[in-house]
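First the structure, in the form of structure tokens, and then the observations on it.
Protein chains: 2
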Amino acid sequence: MANAEIIAIGSELLTPQRLDTNSLAITEALNNLGVEVTGKQVVGDDRQRLTDAIRESLQRAEVVILCGGLGPTEDDVTRDAAAQALQRKLLFSPEQEAILAQFFQRLNRTMADNNRRQAYLIQGGEALPNPNGTAPGQFVKTDKGALVLLPGPPRELKPMMANHVVPRLRAMLPLQVIKVRSFRITGIGESDLDRMIAPIYTKYTNPATTILFASGDLFVHLRARCDTEKEADALLKEVGDPIAETLGNLIYTDDANEPLEGVIGRMLRHQKASLVTAESCTGGLIAARLTSLPGSSQSFLGGFVTYTDMQKQKVLGVSAELICERTAVCEEVAAAMADGARDRTGATYALSTTGYAGPDGGTEKDPVGTVYVGVSAPHETVVQRIQHGGDRERVRTYSTQSALNILRKVLQNHC
Amino acid sequence: MANAEIIAIGSELLTPQRLDTNSLAITEALNNLGVEVTGKQVVGDDRQRLTDAIRESLQRAEVVILCGGLGPTEDDVTRDAAAQALQRKLLFSPEQEAILAQFFQRLNRTMADNNRRQAYLIQGGEALPNPNGTAPGQFVKTDKGALVLLPGPPRELKPMMANHVVPRLRAMLPLQVIKVRSFRITGIGESDLDRMIAPIYTKYTNPATTILFASGDLFVHLRARCDTEKEADALLKEVGDPIAETLGNLIYTDDANEPLEGVIGRMLRHQKASLVTAESCTGGLIAARLTSLPGSSQSFLGGFVTYTDMQKQKVLGVSAELICERTAVCEEVAAAMADGARDRTGATYALSTTGYAGPDGGTEKDPVGTVYVGVSAPHETVVQRIQHGGDRERVRTYSTQSALNILRKVLQNHC
Chain A
1178 MANAEIIAIG
1188 SELLTPQRLD
1198 TNSLAITEAL
1208 NNLGVEVTGK
1218 QVVGDDRQRL
1228 TDAIRESLQR
1238 AEVVILCGGL
1248 GPTEDDVTRD
1258 AAAQALQRKL
1268 LFSPEQEAIL
1278 AQFFQRLNRT
1288 MADNNRRQAY
1298 LIQGGEALPN
1308 PNGTAPGQFV
1318 KTDKGALVLL
1328 PGPPRELKPM
1338 MANHVVPRLR
1348 AMLPLQVIKV
1358 RSFRITGIGE
1368 SDLDRMIAPI
1378 YTKYTNPATT
1388 ILFASGDLFV
1398 HLRARCDTEK
1408 EADALLKEVG
1418 DPIAETLGNL
1428 IYTDDANEPL
1438 EGVIGRMLRH
1448 QKASLVTAES
1458 CTGGLIAARL
1468 TSLPGSSQSF
1478 LGGFVTYTDM
1488 QKQKVLGVSA
1498 ELICERTAVC
1508 EEVAAAMADG
1518 ARDRTGATYA
1528 LSTTGYAGPD
1538 GGTEKDPVGT
1548 VYVGVSAPHE
1558 TVVQRIQHGG
1568 DRERVRTYST
1578 QSALNILRKV
1588 LQNHC
Chain B
1178 MANAEIIAIG
1188 SELLTPQRLD
1198 TNSLAITEAL
1208 NNLGVEVTGK
1218 QVVGDDRQRL
1228 TDAIRESLQR
1238 AEVVILCGGL
1248 GPTEDDVTRD
1258 AAAQALQRKL
1268 LFSPEQEAIL
1278 AQFFQRLNRT
1288 MADNNRRQAY
1298 LIQGGEALPN
1308 PNGTAPGQFV
1318 KTDKGALVLL
1328 PGPPRELKPM
1338 MANHVVPRLR
1348 AMLPLQVIKV
1358 RSFRITGIGE
1368 SDLDRMIAPI
1378 YTKYTNPATT
1388 ILFASGDLFV
1398 HLRARCDTEK
1408 EADALLKEVG
1418 DPIAETLGNL
1428 IYTDDANEPL
1438 EGVIGRMLRH
1448 QKASLVTAES
1458 CTGGLIAARL
1468 TSLPGSSQSF
1478 LGGFVTYTDM
1488 QKQKVLGVSA
1498 ELICERTAVC
1508 EEVAAAMADG
1518 ARDRTGATYA
1528 LSTTGYAGPD
1538 GGTEKDPVGT
1548 VYVGVSAPHE
1558 TVVQRIQHGG
1568 DRERVRTYST
1578 QSALNILRKV
1588 LQNHC
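Chains A and B, in that order, give the protein sequences. Quick note, in this note's numbering, the first sequence goes up one by one and the last residue is 1592. Quick note, in this note's numbering, the second sequence goes up one by one and the last residue is 1592.
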């Protein structure tokens, strides 16, 4: 198994405005070859610092990919630094100079003197054609692998990676198959999830298991690397099946690209049912998620954001006495909001939230972070109390996720 | 001037799906202190590799910031690696354990055993409080500077950086006065903005000018570094005043921390006026932004998401004939939605959107990306047609920003 490191070069990538995004496309191409990216970094336009970084990467990884710093100016130090790190010479290539001259001729421009710098190749290296710019790439075989120099602009880098680097690396690497199995999970914390499935996955290094976590949404990815597809499938079954069994209904989908709102939309369409929302503390976030996917109007009719007590009464018909007696944050109001929204729109289901997003508000019984979620369905209205910590944004985001998950479970029961 | 390096930790950041974006906010905070970022890297959850990386960074830079890997699982190796790189011990802190226990108690959850790992501090290090999560940060003074450990989730990392790391670093750095003047701008593209103000700011290296851009929201930051406050103020006036004059009403606030919805809330409270929304294509995003700030219920009553034609009729009273004749995406429907929402709720103002978010839909006259924005106000209803490119998410986000900006201008006229 080969490892790779990626070094992006350019002082502008060390400002608060810019990110190196080339490494994502490079990582994907490498992963598809069975090459793991074990580190990546950004180095400024500093010859000595870059030379050191390349030398260290070459010691750690079989494949080292450099992006950027191949331009014609003094700032462009990648060729020099790479040659120095390999302790090889830079040789002027009249052939590359001719290609550069042709490129400028096609654009009807005169070639500047400093563009000649771009015609220098590392001894033993191979030039990679760049139809979209002036800087050729370079592919240099090393004792244990390869050092690759790519231009920084994505429209130059991406085709060069696909057309010239991938075939050369594939020819050097043992042939392997990579297959992925994913689970998306919600309704549980990251450490609880890990506690449940670590006894299963930690026994294996292949498949490699990754757990990702974002705003109450969890992902488990298993990636198997084998000689044949059959072996990979068998491994994913061996590890994935017990994980699926352990997690049960905490898993809302095994499609890595289907968010929770996608699952809900699919269930609604399947039931030929419709949905409306009645939000207080989530303030429109649930509606915004439900409408984030194309085609959502097939089952999502719309929603109400009733932020004040008066609007809950006026728009959804929640009784003034109830609010006066129990406040707007309670089980009964959540139920009345959902029922009111369903009545007024004729939808099959309605989903409601009322709670304390903070930083102010809350009671001893229901502190900030408490949210009542209501689901009004044909023949039943379900209310659940949830509680999340953190600031206003976190409470709102997590409550949105929890509310959608409560709806998912009700929809399952009506299937 | 001090240099810094940033190391983001996490194998998920080495996949084709994820980027380290924390380093941008960290870089900005460091730059504001006069600290330059000279390198950044991503390392997987590999104890030895991370230890080496930290040790090398500490040799090169005065300040080293680590993000992530402070969770409760086996995978979370940052504490161990940092201690090893510094050749210091990890000490269990009963005080931190108590704080963790309290955090779980507040959430009514039992603390898992492995969360105790998060109560270990590097010898000589100081715990940094994390009100938004379980992992405390750590600030460790070194011979020539500091090593800082921050949790990975942005909502935990950002406040910790601002409230606990910046003050500690400032106290260690040579005294200089740094003053910032900011403008927040919307309704113009990034390159147009730059074209307008570059003739002013490029004449100066002090103050340093930064232009940031996010989803139709632009920021201009001028950062002056001087020996005295008076000099800094004079510089900011010399450069800032002509910029303010050139941009005029494109500037919606000069408070760096006040988003557009904050400006609108302030104007509404000042007018003792109230607001409702009636959204189609933005699907709740406008309501979600208006309710994102605490205290928004003072002026924001609530909203309607009328996603289907039927709901526009039923809930807002838009005429079926009008929709039949002109479709739901037109000036008249935007006006009728806003007027209907205002009538039904008794609000002073109503803001509506109807348009094609894509990828499907649209006409030759009104292609995907076209949105009609309506504002119903006490003596007038204003409709404006806007158009944004890109995918569904971009159209929805940019349209939300444009709609809020149109409302801001109407509110200004009613002041």
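Don't be surprised by glycine CBs; every beta carbon is placed ideally from N, CA and C.
For N1209/B, the three-state secondary structure derived from DSSP is helix. The beta carbon of L1201/A falls within 7 Å of a beta carbon belonging to chain B, placing the residue at that interface. Residue contact check for Y1484/B against chain A: a CB pair falls below 7 Å. Per DSSP, V1416/A is one residue of the alpha helix (DSSP H) stretching across 1406 to 1424. Nearest to G1329/A by alpha-carbon distance, out of R1521/A, I1583/A, Y1575/A, I1183/A, is I1183/A. Two segments are said to touch when three or more pairs of C-beta atoms, one from each, lie closer than 8 Å; by this definition the region 1336 to 1350 of chain A does not touch the region 1411 to 1429 of chain A.
D1253/A has its alpha-carbon roughly 55 Å from the corresponding atom of S1474/B.
In this structure, A1515/A keeps its C-beta atom at 7 Å or more from the C-beta atom of V1572/A. If you look at K1489/A, you'll find it in the alpha helix (DSSP H) that goes 1486 to 1493. The beta carbons of S1457/A and T1530/A sit closer together than 7 Å. By a beta-carbon distance limit of 8 Å, Y1549/B contacts E1508/B. Their separation comes to about 6 Å. Separation of the CB atoms of R1585/B and L1437/B is rounded to 7 Å, and the pair is thereby assigned contact status at 8 Å.
Residue G1314/A holds the alpha-carbon nearest to the alpha-carbon of A1339/A among E1557/A, G1314/A, F1360/A. No Cβ of chain A is located within less than 7 Å of the beta carbon of P1384/B. Among the residues of the region 1553 to 1575 of chain B, those with a Cβ less than 8 Å away from any Cβ of chain A are R1569, E1570, R1573, in the order of the chain. Straight-line measurement puts the Cα of I1231/B at about 6 Å from the Cα of A1262/B.
The beta carbon of S1476/A does not come within 7 Å of any beta carbon belonging to chain B, so the residue lies off that interface.
Annotated as distal: G1546/A and Q1561/A, with beta-carbon spacing of 7 Å or more. DSSP places Y1526/B within a strand segment (E or B) once states are collapsed to three. Distance from R1226/B to D1257/B at the Cβ level is roughly 12 Å; contact not present, criterion being Cβ atoms closer than 8 Å. In this structure, A1464/B sits near G1480/B, with a CB-CB distance shorter than 7 Å. Listed in chain order, the non-local C-beta contacts of A1497/A below 7 Å within the same chain comprise Q1490, local neighbours out to five positions each way being set aside. Annotation: P1544/B to G1566/B spans about 10 Å, alpha carbon to alpha carbon. DSSP places C1403/A within a strand segment (E or B) once states are collapsed to three. Counting only the Cα atoms, S1359/A lies some 9 Å from T1430/A. The alpha-carbon separation between A1527/B and G1246/B amounts to approximately 46 Å. At a beta-carbon threshold of 8 Å, the residues of chain A lying near T1522/B are Q1488, K1491, V1492, ordered along the chain.
Of all residues in the region 1208 to 1224 of chain B, only N1208, V1214, T1215, G1216, K1217, Q1218, V1219, V1220, G1221 place a beta-carbon less than 7 Å from a beta-carbon of chain A.
The C-alpha of L1499/A is placed about 7 Å away from the C-alpha of V1510/A. Across the region 1457 to 1473 of chain B, CB contacts with chain A closer than 9 Å involve S1457, C1458, T1459, G1460, G1461, L1462, I1463, A1464, A1465, R1466, L1467, T1468, S1469, L1470, P1471, G1472, S1473, in sequence order along the chain.
Look at S1368/A: its C-beta is under 7 Å from a C-beta on chain B. Between E1239/A and A1179/A the beta-carbon gap is near 4 Å, inside 8 Å, which marks them as a contact. Contact check for H1341/A and L1305/A: beta-carbon distance about 4 Å, within the 8 Å limit, so the pair qualifies. For T1382/A, there is no enclosing beta strand (DSSP E), as DSSP gives it neither H nor E. Using a CB distance cut-off of 7 Å, T1204/A counts as an interface residue toward chain B.
At a Cβ-Cβ threshold of 7 Å, L1462/A and G1364/A do not count as neighbours.
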